[in-house]
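Going left to right, the sequence shown walks through residues 1 to 155 as full-length UniProt numbering numbers them. All residues carry an ideal CB built from backbone N, CA and C; glycine is no exception. Below is one structure, written out as structure tokens, with a few remarks after it.
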Amino acid sequence: MVKRTSFEGDGCPVARSLEAIGDWWTLLIIREAMLGVRRFGELQSKLGMARNILSARLRSMLDHGILAMAPASDGSAYQEYVLTPKGRGLFPILVALRQWSEEFDDTPEEIDTIMVDRAKGRPVKKLELHAEDGRLLSLADITLKPRPAPRRRSA
């Protein structure tokens, strides 16, 4: 078995986030959790993934604080996987991935669903990146700079 590179402690926030969500199964599990799937068997059935892979991904997501265990919502003795605030924070990432696919997929007509505003039934506007002053930003408008050193408190 090939050991994958760990990005834990990397200075790049993209690499650091990939440590927690950097494979397709994890993102698909998150998608299903956002759609209300909460039980191991339901996840396994909907995703068609091997039980051992699902177990490993769920354990990692629990360890990273993306999912938590909760008593079953139906009052049974089962436990369910629920998204934490950290897990729900991935919503814009999944929307961005979906919108990217809708725009650039070779066969967009094969995409089964469209994302709509539940209240109005209208398609969701494409995500945009804005400056603090409201200007729309593109890649050409962005740069990276070193984070300022933390201020030392005087004695």
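Per DSSP, cross-strand counterpart(s) of residue i
i: Thr56; result: Per the sequence shown, the amino acid found at residue 56 is Ala instead of Thr. BP columns for Ala56 are empty, so no partner.
i: Tyr81; result: Met69
i: Pro123; result: Val116
i: Leu136; result: His130
8 Å Cβ cutoff met for residue i and residue j
i: Leu94; j: Ile29; result: no
i: Arg122; j: Glu80; result: no
i: Leu83; j: Met49; result: no
i: Phe40; j: Leu54; result: yes
Closest Cα partner of residue i within the set the options
i: Arg59; options: Trp25, Asp10, Asp133; result: Trp25
i: Lys126; options: Thr143, Lys120, Arg57, Met115; result: Met115
i: Arg88; options: Arg147, Val124, Glu32, Asp10; result: Glu32
i: Leu90; options: Leu18, Asp112, Ser55, Pro108; result: Leu18
i: Leu129; options: Ala72, Ala96, Glu42, Ala77; result: Ala96
i: Ser73; options: Gly36, Asp23, Pro146; result: Gly36
i: Ile21; options: Ser45, Arg51, Met61, Leu43; result: Met61
Cα-Cα separation between residue i and residue j, rounded to whole angstroms
i: Pro85; j: Asp106; result: 34 Å
i: Gly9; j: His64; result: 14 Å
i: Phe104; j: Leu136; result: 21 Å
i: Arg151; j: Leu67; result: 34 Å
i: Pro108; j: Ala77; result: 42 Å
i: Pro13; j: Val124; result: 27 Å
i: Thr143; j: Gly11; result: 16 Å
i: Ala119; j: Pro146; result: 42 Å
i: Arg153; j: Arg16; result: 29 Å
i: Asp133; j: Trp100; result: 25 Å
i: Pro71; j: Leu43; result: 17 Å
i: Met69; j: Asp23; result: 21 Å
i: Gly75; j: Ser45; result: 22 Å
i: Leu47; j: Glu110; result: 18 Å
Host alpha helix (DSSP H) of residue i (start-end)
i: Pro13; result: 13-21
i: Met34; result: 24-34
i: Val95; result: 91-104
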